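Please read the structure below before turning to the comments.
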Amino acid sequence: MPKKVDTPSIQKYNRRHFVQISAQGLVGVGIGSFAVSNLSLIGCATENASKKVFGACHHDCPDTCSWEIETQSGQVVSFKGSPSNPYTAGKLCNKMDHFDSEVVFSPHRLLKPLKRVGAKGQAEFKEVSWEEAISDVAKRINTITSEKGGEAILPFSYGGNEGMVQGKAGRSFFKHIGASNLERTICGDAAVAGIEAVNGQSTGIMPEDIVHSRYIVLWGTNTLYSNQHLWPYIEKARAAGAKLVVIDPFVSATAETADVHIQPFPGTDTALALGMINIILSEGLQDQEYIDNYTSGFEELKTHVQKYTPQYVSEITGLEITAIEAFAREYATSKPALIRILIGMEHQSNGSSAFRTIGMLPALTGAWKDLGGGLMHMAYELFGQSLNYSIFDLPEEVSGKKVRSINMVELGKALTDKEMAPSVDALFVYNANPAVTIPNQNLVLAGLKREDLFTVVIEHFMTDTAMYADYVFPATTPFENWDLFTSWATPYININQPAIPPLGAAKPNTEFFRLLAREMGFTEDYLYLEDKSIVQSMLNSDHPYLEGITFDSLEKSGWARLKVPNEWRPHAAGNFNTPSKKCLLYNPDVQPALPDYIAVTQSETDKKSYPLRLLSIKSTRYFLNSSHANITTLRDLEGQPMLDIHELDAKNYGIADGDEVKVFNQRGEVFLKARIKNKVKKGVVCMPQGYWNSLMPKSSSANALTHDLLTDMGGGAAIQDTMVNVMKLA
Ligand code: SF4
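Have a look at this one:
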């Protein structure tokens, strides 16, 4: 482990190295030529006046907090959550409170383009100019496309930046060159596909209306950690008498605070929901008038669910029969009853069916009629309907180009498949860190190691993916670029104004693609859209949701709530987004027409070799997916990842609390300490997602074990269908 950093022209970037330096208080020593070494020098003092600018959090988080930044003489003097936005309510979260010092002005931030000079994955780079780097990238892309066609290029971007500008950067460029299409479906799409099969849309009630709920079911969401700004509204409802039920196979922080925690075996939510429907219908607890007026397929569903008896559902879920019955009865007879669903139960081969079945419940009980009743899921469709996306329109000959699609969940397969024609020969990664976040990690890493794969990464830090790059380009943060933030779970829209000029040689993602297009000699206007004009154009809409919300108004206020009604009951009288406007309990256009529970299958040999179900979940409080897991202060607060194991399993394996263990299966192994707090059921083990491989023992994290199976609908990742074994280390 090195004790200091030298500054030769070739630099070794190593995550452990950075962490140790930071922990020793040697921040910035010797790495000043690449990174920020003295915060007082930052800000390019070109302006004397003080100014306040507005922005918003770019993370893949349902809250989309608004923020305010004050600068003085071009330097940031204040950064805080917007006090005027009632949802943000002046607070960011523990992941983002120190985003300014921990990310924007981090001494470890990448501020110059880097060219690989060592072996792949060794993180040995030298600084180069933008001109040299872009010229080289353009030459490589020209060579690959002329020899093998555009499909040999694969863009890989995701939720690292959710902005309409920086998050969508490059889409036109890759369409223009005919690159392979990336199916960005790892998260959310299976859930949406399930809900859409029933309701035709995923938008339910608005988050603030949960205050009216009196029976709240948080199903597959650790709200306290991953939807923090909804929590005060839940507390308000509880203070007014609401009962809180949490359904989670893990005893999360949220489950610990609930009035009732229902803990089914992972992947059995579909069976639980089908069993609830059977109980509700057999006991006559349904709202027959709502069903008759606003649903179709009731008789087919009623017949279908009869096999899901409480006894059968109990065997599948591991729940007591009495608990299943009590829950079904309470849900059906409480008013207003709300189910808040998020991604927890989506990541299983049965995941879409779970959402589809749960989506039927409020229609069967008529919960949609009540303010604060129904389903709370997404909100992004409101923005899709109201914003003006025409600035992204492409000519038919470009948008209509038929190219192959590659699902992001199967990146490892795509990079290592020798039969694939054309092979993926160039990979562009931005707003993503697939070496950590994509399942079947060792296959992904084997692909990234290919000497014949040309990899370009646009990043803030030397991530586990960037370590494999041929070129790494420094990206701006939202402090330094324009953007527009919609939200996938709230009705709030935010403008993001740059507070300071880009640090070092960092550039917005969009500028990278403009420079590359210019270098490649492209002249089409759609490749050169300016960031601010994208924001202005998207807000140029006369949709009623945007009434009074303009670029100018957002420049003054920072945020606005879409003009959806304050007390919104979208399906009080049906009005589902289906051709019949009815909720489709039976949907012949989807196969199967009725959802069923399907168990994970394993060969007899595998059952013996890998008997434990692995849950790998977002249980960390200080990381957002893999973002911030490299920040020493946040890692120290989070602590080392632990393997939760039930006491009976631990006894069986001779494991004591705190023992070092190896968790393994056909795909890999992960080393961590055991925790015996009975946070999981017997037969289940659990570890957190998000930790970077390079900072874990033997460079391996949760996705080294996870399966790259797809979900039943929507192309999501069925990572919770993973089976493992555990061994105590000597
Ligand atoms: S991560 Fe979520 S809760 Fe935290 S600041 Fe960003 S949007 Fe808000």
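Take the sequence shown: its letter number 160 is residue 161 in my numbering, and every next letter is one higher. Glycine residues also receive a C-beta, built at the ideal position from the N, C-alpha and C atoms. Bear in mind the structure is a predicted one, so any value in this text is a computation, not a measurement.
When DSSP builds the beta bridges, which residues end up paired with residue i?
i	result
Lys176	Lys176 pairs with nothing; no bridge assigned.
Ile720	Answer is none; Ile720 lacks a bridge partner.
His262	Val247
Leu376	Ile340
Arg215	For Arg215, which the question treats as bridged, DSSP gives no partner whatsoever.
Val54	Ile70
Gly82	Trp68
Pro475	Glu460
Cys687	Leu616, Asp645
Thr427	Looking at the sequence provided, one finds Ala at residue 427 rather than Thr. Note: Ala427 sits in a beta bridge opposite Ile154, Phe455.
Taking 8 Å as the cut-off, decide whether the C-beta atoms of residue i and residue j are in contact.
i	j	result
Tyr88	Tyr493	yes
Arg405	Ser181	yes
Pro208	Trp489	no
Met97	Leu485	no
Pro509	Gln167	yes
Asn408	Thr723	no
Val662	Met688	no
Ala57	Asn626	no
Phe356	Gly171	no
Lys116	Ala134	yes
Pro1	Glu481	Lying outside 2 to 731, the shown extent of the chain, residue 1 is not represented and no answer is given.
Gly373	Gly205	no
Thr478	Val54	no
Ser617	Ile720	yes
Pro311	Ile340	no
Ala272	Tyr309	yes
Asn704	Gln349	no
With DSSP collapsed to three states, give me the class of residue i.
i	result
Asn223	coil
Lys533	helix
Asn495	strand
Lys583	coil
Tyr692	coil
Lys244	strand
Asn726	strand
Ile344	helix
Ser335	coil
Thr712	coil
Phe328	helix
Gln123	coil
Phe157	strand
Lys303	helix
Thr204	strand
Thr296	strand
Gln76	strand
Asn143	helix
Trp489	coil
Ile618	strand
Lys680	coil
Val671	strand
Arg519	helix
Asp1	Nothing in the structure corresponds to residue 1, since the chain is present only between 2 and 731.
At a cut-off of 7 Å, is residue i close to the ligand SF4 when judged by its beta-carbon and the heavy atoms of the ligand?
i	result
Asn465	In the sequence as presented, Asn is not what sits at residue 465; that position holds Asp. No; taking the cut-off as 7 Å, the Cβ of Asp465 has no heavy atom of the ligand SF4 nearer than that.
Leu635	no
Lys96	yes
His230	yes
Leu516	no
Cys66	yes
His60	yes
Leu93	yes
Leu625	yes
Within 10 angstroms of the Cβ of residue i, are there 16 or more other Cβ atoms? Answer buried if so, exposed if not.
i	result
Pro114	buried
Gln229	buried
Ala447	exposed
Ala470	buried
Tyr390	exposed
Pro267	buried
Asn653	exposed
Leu711	buried
Asn434	buried
From the beta carbon of residue i, is the nearest beta carbon of chain B less than 8 Å away?
i	result
Val193	Checking the listed chains, one finds no chain B in this structure; it contains a single protein chain.
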